[in-house]
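According to numbering that gives the first Met the number 0, the residues represented by the sequence shown are 0 to 476, in order. Glycine is no exception: its CB is placed at the ideal position from the N, C-alpha and C atoms. Only a predicted model underlies this, so the values are computations on that prediction, with no experimental measurement involved.
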Amino acid sequence: MPDFDSFVILAEMRTGSNFLEANINAFPGLHSFGEAFNPHFIGYPNSTDILGITQAARDANPQVLLDRIRDWPEGLGGFRLFSDHDPRVIEACLANPRCAKIVLTRNPLESFVSRKIAAATGQWKLTNVRHARQQAAHFDAAEFTAHLTAVQAAQVHILNTLQRSAQTAFYLDYEDLQDLGVMNGLARWLGCTAQAEGLDTKLKKQNPEPMAEKVANYPAMEAALARLDRFNLTRTPNFEPRRGPMVPGHVAAAVSPLIYLPVRCGPEAAVRRWLAALDDRPEADLQTGLTQKTLRLWLRDRPGHRSFTVLRHPLARAHAAFCELILPTGPGTFGAIRQTLRTTFKVPLPKDGPTEGYDAAAHRAAFMGFLAFVRANLSAQTALRTDPSWATQFAVIHGMAEVIMPDMILREERLQDDLAQLAAQIGDSPAPVPEETDPHAPWLAAIYDAEVEAAGRDAYLRDYVAFGFGDWRPPAT
Numbered sequence: 000m001p002d003f004d005s006f007v008i009l010a011e012m013r014t015g016s017n018f019l020e021a022n023i024n025a026f027p028g029l030h031s032f033g034e035a036f037n038p039h040f041i042g043y044p045n046s047t048d049i050l051g052i053t054q055a056a057r058d059a060n061p062q063v064l065l066d067r068i069r070d071w072p073e074g075l076g077g078f079r080l081f082s083d084h085d086p087r088v089i090e091a092c093l094a095n096p097r098c099a100k101i102v103l104t105r106n107p108l109e110s111f112v113s114r115k116i117a118a119a120t121g122q123w124k125l126t127n128v129r130h131a132r133q134q135a136a137h138f139d140a141a142e143f144t145a146h147l148t149a150v151q152a153a154q155v156h157i158l159n160t161l162q163r164s165a166q167t168a169f170y171l172d173y174e175d176l177q178d179l180g181v182m183n184g185l186a187r188w189l190g191c192t193a194q195a196e197g198l199d200t201k202l203k204k205q206n207p208e209p210m211a212e213k214v215a216n217y218p219a220m221e222a223a224l225a226r227l228d229r230f231n232l233t234r235t236p237n238f239e240p241r242r243g244p245m246v247p248g249h250v251a252a253a254v255s256p257l258i259y260l261p262v263r264c265g266p267e268a269a270v271r272r273w274l275a276a277l278d279d280r281p282e283a284d285l286q287t288g289l290t291q292k293t294l295r296l297w298l299r300d301r302p303g304h305r306s307f308t309v310l311r312h313p314l315a316r317a318h319a320a321f322c323e324l325i326l327p328t329g330p331g332t333f334g335a336i337r338q339t340l341r342t343t344f345k346v347p348l349p350k351d352g353p354t355e356g357y358d359a360a361a362h363r364a365a366f367m368g369f370l371a372f373v374r375a376n377l378s379a380q381t382a383l384r385t386d387p388s389w390a391t392q393f394a395v396i397h398g399m400a401e402v403i404m405p406d407m408i409l410r411e412e413r414l415q416d417d418l419a420q421l422a423a424q425i426g427d428s429p430a431p432v433p434e435e436t437d438p439h440a441p442w443l444a445a446i447y448d449a450e451v452e453a454a455g456r457d458a459y460l461r462d463y464v465a466f467g468f469g470d471w472r473p474p475a476t
């Protein structure tokens, strides 16, 4: 019998983890304390603590809460842990053989559609079918590919870590949750001798309709899925191919044998416009949404191809991430992270986004607060994920190289010359580069001083050293 002193449910949103937790908690001596390390709350959305440990204390030292759950006096304690929860805890749990790992997975398409519907209706749990809210989801191929990528990466990381440390997990699929025998087997595996006579009846299955009724643009979804490598849709943890970085964000020219490997929050829009103009085509003709399979075909069919990426000064890139994803509110922004920055990290962000009273002084204070967060985040000192939008460019390019090496690493400040040289390598005449590559530069210039530069350097020292960046300078006018 395995000798465990705690357990963790490794899952993702909309995989049935609430139902699994409810059934585990029905066994005497077993208790899951919810999403104990969700960076935006502790345990459950309205909870203030777990076993006397507050969210602030947890974020300062997650080991304190891990120890408190391990020492739960009434039996075996555990919690639910998703891939976007505190990365410090994920690694600690995977490395601990005394922590039982329950890996819960679900068909990634089902979980994706379920999440879209829940977000649209605001209904994340259902206890009374009369209160069920219905709304068809809109399928977005690029968004699904990103979801699939994240699920694959998380599951492969779990699998490989357990393999290398001679551990094993109790694997469950979404459909297994309705099997009483499986639930009783899980309880025995955790060391509980009691057996359940029935499953939890409080939580009700949401959206039981066929997929064709749940997706508004079902034919478009079918067409998009047909282009994917079907092995990517198999049950985890056996996803193939095993990807480090994913390639759906790469942008291939419509005709020319050029492919752009964007670094998030760099001069992406300007480079895309240049790439389209090179072939005298609209931006809509650029090839995006590639998979590893289609990327390999693209490369094989274009001898003499060139791949490239573009660096942006670390301070300007952090400022772009701040201006595009953190400062504003609404679609496309990081609302949950924004709220956590305001409440937990005390970043002085305007509650509803910038208004008329938002001036340079307010912008400087908010951006400096964001840089302080980034410094801690890149040092694994926060419970929030490190998003590619503010990860170091060194790490991003290192990840790219696992799939495709950029032939050229260009620089935003000399983009006109660098892109002309790139075009010459494939025998094309250079296209004009948009004059403005960073629309946020005027705001940065208005607040820039030695203190701002020092904060940027503290956060991104690795990029400054690796790529030889000096102090930021406003773009030439």
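Taking residue 39 as the reference, which of 139, 12 and 85 has the closest Cα?
When each option's Cα is compared against that of residue 39, the closest is 85.
What residue does the beta strand (DSSP E) around residue 10 start on, and which one ends it?
5-10
In DSSP terms, what residue 41 is bridged to
43
CB-CB under 6 Å to residue 433, same chain, minus the five flanking residues each way: which ones, in chain order?
269 and 272
Jot down the residue ranges of each uninterrupted alpha helix (DSSP H) in the segment 256-339, minimum 4 residues, whole runs only, in chain order.
As for any alpha helix (DSSP H) of minimum length 4 sitting wholly inside the segment 256-339, the runs are 267-277, 291-299 and 313-320, ordered along the chain.
From residue 91 to residue 278, what distance separates their C-alpha atoms?
50 Å
Residue 252, buried or exposed, once every other Cβ within 10 Å from all chains shown has been counted against 16:
Buried.
Tell me the DSSP bridge mates of residue 170?
102
Per DSSP, what kind of secondary structure is residue 397 in: helix, strand or coil?
Helix, per DSSP.
Local conformation of residue 434 per DSSP, three classes:
coil
Can you check the segment 150-198 for any beta strand (DSSP E) of at least 3 residues that lies completely inside it and give the ranges in chain order?
169-172
If contact is defined by three or more beta carbon pairs under 8 Å, each pair taking one atom from either stretch, is the segment 98-110 in contact with the segment 7-18?
yes
For residue 93, which of 187, 246 and 9 has the nearest alpha-carbon?
9
If you drop the 5 nearest sequence neighbours on each side, which residues of the same chain put their C-beta closer than 6 Å to that of residue 385?
Within the same chain, 376 come within 6 Å of residue 385 by CB-CB distance, once the 5 residues on both sides are set aside.
For residue 377, three-class secondary structure by DSSP:
helix
Pairing CB atoms from the segment 387-403 with CB atoms from the segment 252-263, are three or more of them under 8 Å?
yes
Span separating the alpha-carbon of residue 466 from that of residue 365
Near 27 Å, if we compare the C-alpha coordinates of residue 365 and residue 466.
Rounded separation between residue 340 and residue 43 - CA only:
19 Å
Is the segment 415-435 close to the segment 286-297, with three or more CB pairs under 8 Å?
By the Cβ rule, the segment 415-435 does not count as touching the segment 286-297, because fewer than three pairs are nearer than 8 Å.
If I follow the unbroken alpha helix (DSSP H) through residue 455, where does it start and stop?
449-458
Taking C-alpha atoms, which residue in 307, 332 and 308 lies nearest to residue 319?
332
In whole angstroms, give me the CA-to-CA distance for residue 181 and residue 148.
A direct Cα-to-Cα measurement between residue 181 and residue 148 gives close to 29 Å.
One or two residues paired with residue 356 in a DSSP bridge
Paired residue(s): none; residue 356 is not in a bridge.
Near residue 330, which residues of its chain fall below 7 Å by C-beta distance, leaving aside the five closest residues on each side in sequence?
none
Pair within 8 Å by beta-carbon distance, residue 217 and residue 313
no
Taking 8 Å as the cut-off, decide whether the C-beta atoms of residue 68 and residue 32 are in contact.
yes
Between residue 361 and residue 87, how many whole angstroms is the CB-CB distance? I'm expecting something under 8 Å.
At roughly 32 Å, the Cβ-Cβ gap does not stay under 8 Å, so residue 361 and residue 87 are not in contact.
Backbone secondary structure at residue 48 - three-state DSSP:
In the three-state scheme derived from DSSP, where H, G and I count as helix and E and B as strand, residue 48 is classed as strand.
Buried or exposed for residue 164, going by 16 or more other Cβ atoms inside 10 Å?
exposed
Give every residue of the same chain whose Cβ lies closer than 7 Å to the Cβ of residue 373, excluding the five residues on either side of it in the sequence, and list them in chain order.
317, 389 and 458
Residue 157: which of 80, 133 and 400 sits nearest, CA to CA?
80
Going by DSSP in three states, residue 388 sits in which element: helix, strand or coil?
coil
Under DSSP, the beta strand (DSSP E) around residue 408 begins and ends at which residues?
407-410
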